[in-house]
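First comes the structure, then the notes that go with it.
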């Protein structure tokens, strides 16, 4: 399986590690640490040294309770970083739901649009559909960041998430976007209970049956904290365990904060398979 993106045709026969670069003052684990262009680019370079295959740059926190930022503020945070990061010769993803940001970063050479709203905001689908090759990741989110953890999903998660992702991917294909440009993300932690998040992992095969590569983000989420008893700053080990389990069950892209230990763990997994 391959993922078509703006500049790269990504081979997913082996798992790909996507390093998180938060250019924000308020992300739930590392807010403010990489909020300037200089520190964000230094973090990009460090993650690549640690073995990241691609980078995901975000300028607005989507943690529970996060307050939305303006288009102008998000562009001011993200665009200078993207313009420099595309020179690193790796796939550059941008975590955004705003059509204006999507257009600007694609014009700057970004390879992937990673949208927690699955292109539901006005104009987003049209921006992606109009681009020749960019990759896109559609994520499931129940509710919105301000309320998603106080008004979580009810009942089973796997069928609603699967149906949502299937429908939105098909809608994008109906607009002319090739299937090999689309990846799916079940949205661990986005409006779901601990049990519902682990149900998505248990039944990940049902998501894979949709026929798209799966990108998952368990890194430092509250669900791994709930089952391990670890506070946010101590969740590296359970996060890596969840990433390896997701890959073992067929995910081909993992979005992580802790790149080096994830890469190391996946090398052990690959050696066992060999």
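Numbering (the numbering used here), first residue to last: 91 to 364.
C-beta: ideal position from N, C-alpha, C; glycine also.
What residues in its chain sit with their C-beta under 7 angstroms from that of residue i, if we drop five residues either side in the sequence?
i           : result
residue 134 : 111, 145, 175 and 178
residue 169 : 194, 195 and 198
residue 201 : 95, 96, 97, 98, 181, 182, 183, 224 and 225
residue 128 : none
residue 312 : 279
residue 373 : The first residue shown for the chain is 91 and the last is 364, placing residue 373 beyond what the model contains.
Output needed for residue i: all residues of its chain with C-beta closer than 6 angstroms, excluding positions within five of it in sequence on either side, in chain order.
i           : result
residue 109 : 137, 142, 145 and 349
residue 42  : The requested residue 42 is not part of the displayed model; the chain covers only 91 to 364.
residue 359 : 334
residue 99  : 92
residue 323 : none
residue 185 : 146, 148 and 204
residue 233 : 241 and 281
residue 227 : 204, 273, 275 and 305
residue 339 : 294
Let me know the secondary structure DSSP gives residue i once reduced to three states.
i           : result
residue 136 : helix
residue 248 : helix
residue 93  : strand
residue 190 : helix
residue 157 : coil
residue 222 : coil
residue 183 : strand
residue 363 : helix
residue 201 : coil
residue 326 : helix
residue 267 : coil
residue 104 : coil
residue 261 : helix
residue 113 : coil
residue 209 : coil
residue 228 : strand
residue 306 : strand
residue 282 : coil
residue 152 : coil
residue 350 : helix
Kindly give me the distance between the Cβ atoms of residue i and residue j, rounded to whole angstroms, as I take these residues to be in contact under 8 angstroms.
i           : j           : result
residue 271 : residue 223 : 7 angstroms
residue 130 : residue 171 : 5 angstroms
residue 102 : residue 342 : 4 angstroms
residue 262 : residue 219 : 7 angstroms
residue 114 : residue 160 : That belief does not hold up - the Cβ atoms of residue 114 and residue 160 are roughly 14 angstroms apart, past 8 angstroms.
residue 317 : residue 284 : 7 angstroms
residue 314 : residue 325 : 5 angstroms
I'd like the span of the beta strand (DSSP E) that includes residue i, first residue to last.
i           : result
residue 343 : 343-346
residue 101 : 99-101
residue 148 : 144-148
residue 273 : 272-275
Ordered along the chain, which non-local residues of its own chain (more than five positions away) have a Cβ less than 8 angstroms from that of residue i?
i           : result
residue 165 : 149, 190, 191 and 194
residue 290 : 247, 248, 251, 276, 278, 282 and 297
residue 301 : 269
residue 254 : 208 and 230
residue 321 : 315
Terminal residues of the continuous alpha helix (DSSP H) containing residue i?
i           : result
residue 340 : Where residue 340 is concerned, there is no enclosing alpha helix (DSSP H), given that its DSSP letter is neither H nor E.
residue 316 : 312-318
Quiz item: Do the region 202-218 and the region 153-161 touch if we need at least three Cβ pairs shorter than 8 angstroms?
Solution: no
Self-check item: At least 3 beta-carbon pairs within less than 8 angstroms: the region 234-245 vs the region 274-284
Solution: yes
Practice problem: Evaluate contact between the region 304-314 and the region 260-271, counting only Cβ atoms and requiring at least three cross-stretch pairs below 8 angstroms. | Solution: no
Quiz item: Should the region 292-305 be regarded as contacting the region 247-262, the criterion being three or more beta carbon pairs within less than 8 angstroms?
Solution: yes
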